[in-house]
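Single-structure report; data block below.
Residue numbers (the numbering used here), protein chains in the order written: chain A, 26 to 168; chain B, 749 to 863.
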């Protein structure tokens with residue numbers, strides 16, 4: 026696995042991308058350019074090894090390959106529904122329900138049962154909405 | 749226990765029986781142990797109602813491995829008393845219905861037309 030670049034390497038990347046005006050062109054990353062960049066950078070203490078390491082990282086971990094942080098399924102829905110109902114409902118009904126379904130969902134993904142995982146995701150959303158409807162219904166009933 | 753009515757639904761009775769046998773349980777565990785009697789989608793509605801009635805208490809799980817903390821439920825003294833009263837009432841009902849010997853299986857086998 027490629028190393029994540031440190032701050033200095035990141036600076037070089039930014040500088041390089043500004044100069045090149047393209048999205049990380051691996052082929053255009055010339056050693057002469059790196060030397061030039063090294064001189065342009067303040068202090069100029071970024072080693073060639075670090076730059077080569079950065080180049081390797083940029084080439085091996087392309088934009089599409091880079092891991093992106095995603096929200097857990099139903100996370101935004103819980104946040105949204107939490108605004109509609111009482112805080113106790115959010116804490117005692119929505120969040121535990123979400124947690125249990127997430128556990129089941131990840132269990133299904135681990136076993137590579139993608140269809141089941143998708144079904145659980147749908148079921149979770151339906152039950153989360155139903156819980157809030159039940160809360161609203163109970164509120165009207167009590168009045 | 750102030751004027752506590754024994755108004756137990758079928759799901760509540762199942763949950764109380766499960767909580768009575770274990771110390772603490774979370775929703776999914778209850779669903780798995782209930783053998784299809786409880787549904788995960790509605791169990792938290794029932795559990796929160798039971799909490800409002802004072803039959804159970806809950807706390808957040810403090811497990812760092814768990815991404816989203818689950819909720820652990822425990823039976824209260826009131827819940828245990830209600831459950832005992834419910835089981836006693838159930839057996840008394842069965843005794844009245846099927847006789848002092850309390851043999852519901854034998855009675856159920858008899859066809860209605862024969863009686």
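Note that CB positions come from ideal geometry on N, CA and C, so glycine has one too. No experiment lies behind these values; they were computed from the predicted model shown.
Residue i and residue j look like a contact to me (Cβ under 8 Å); what is the Cβ gap, rounded to whole Å?
i                      : j                      : result
residue 141 of chain A : residue 819 of chain B : About 24 Å separates the two Cβ atoms, so there is no contact after all.
Give the interface partners of residue i over in chain B, defined as CB-CB distance under 7 Å, in chain order.
i                      : result
residue 122 of chain A : 792
Rounded to a whole number of angstroms, what is the C-alpha to C-alpha distance between residue i and residue j?
i                      : j                      : result
residue 834 of chain B : residue 778 of chain B : 20 Å
residue 759 of chain B : residue 85 of chain A  : 55 Å
residue 139 of chain A : residue 122 of chain A : 20 Å
residue 798 of chain B : residue 821 of chain B : 10 Å
residue 83 of chain A  : residue 77 of chain A  : 10 Å
residue 795 of chain B : residue 804 of chain B : 8 Å
residue 53 of chain A  : residue 812 of chain B : Only weak support is given to the placement of residue 53 of chain A: the predicted model assigns it a pLDDT of 49, under 50, and the question is left unresolved by the model.
residue 26 of chain A  : residue 764 of chain B : Any answer about residue 26 of chain A is weak, because its pLDDT of 47 lies below 50 and its placement is not dependable; what the coordinates show is given next. Residue 26 of chain A and residue 764 of chain B: Cα-Cα distance of roughly 51 Å.
residue 113 of chain A : residue 162 of chain A : 16 Å
residue 143 of chain A : residue 762 of chain B : 29 Å
residue 146 of chain A : residue 808 of chain B : 23 Å
In the DSSP assignment, find the unbroken alpha helix (DSSP H) run with residue i in it and report its ends.
i                      : result
residue 73 of chain A  : 73-85
residue 787 of chain B : Element bounds for residue 787 of chain B: n/a, residue is neither H nor E.
residue 168 of chain A : Note, residue 168 of chain A: premise wrong, no alpha helix (DSSP H); not H, not E.
Starting from residue i, find everything on chain B with Cβ-Cβ shorter than 8 Å and list it in chain order.
i                      : result
residue 148 of chain A : 789
Could you tell me which chain A residues have their CB closer than 9 Å to the CB of residue i, listed as they occur along the chain?
i                      : result
residue 806 of chain B : 117, 121
How would you list, in chain order, the residues of chain A whose beta-carbon sits under 8 Å from the beta-carbon of residue i?
i                      : result
residue 760 of chain B : Neighbours of residue 760 of chain B on chain A: none; closest Cβ ~16 Å, over 8 Å.
residue 799 of chain B : 117
What are the boundary residues of the beta strand (DSSP E) that includes residue i?
i                      : result
residue 771 of chain B : That residue, residue 771 of chain B, is in no beta strand (DSSP E); it is neither H nor E in DSSP.
residue 810 of chain B : Counting along the chain, residue 810 of chain B falls outside any beta strand (DSSP E), and DSSP gives it neither H nor E.
residue 117 of chain A : Segment: none, residue 117 of chain A is in no beta strand (DSSP E) and carries neither H nor E.
residue 822 of chain B : 819-823
TODO: May I ask you to list, following chain order, the residues of the stretch 818-832 of chain B that have a beta carbon less than 7 Å from some beta carbon of chain A?
DONE: 818, 819
Task: Members of the stretch 122-138 of chain A that neighbour chain B once the beta carbon cut-off is set at 9 Å - done: 122, 123, 124, 125, 126, 127, 128, 129, 131
Open item on the list: Along the stretch 107-121 of chain A, where does the CB come closer than 9 Å to a CB of chain B? Name the residues.
Closed with: 113, 114, 116, 117, 118, 119, 120, 121
Open item on the list: Using a Cβ-Cβ cutoff of 9 Å, what residues of the stretch 767-780 of chain B are near chain A? List them in chain order.
Closed with: 774, 775, 776, 779
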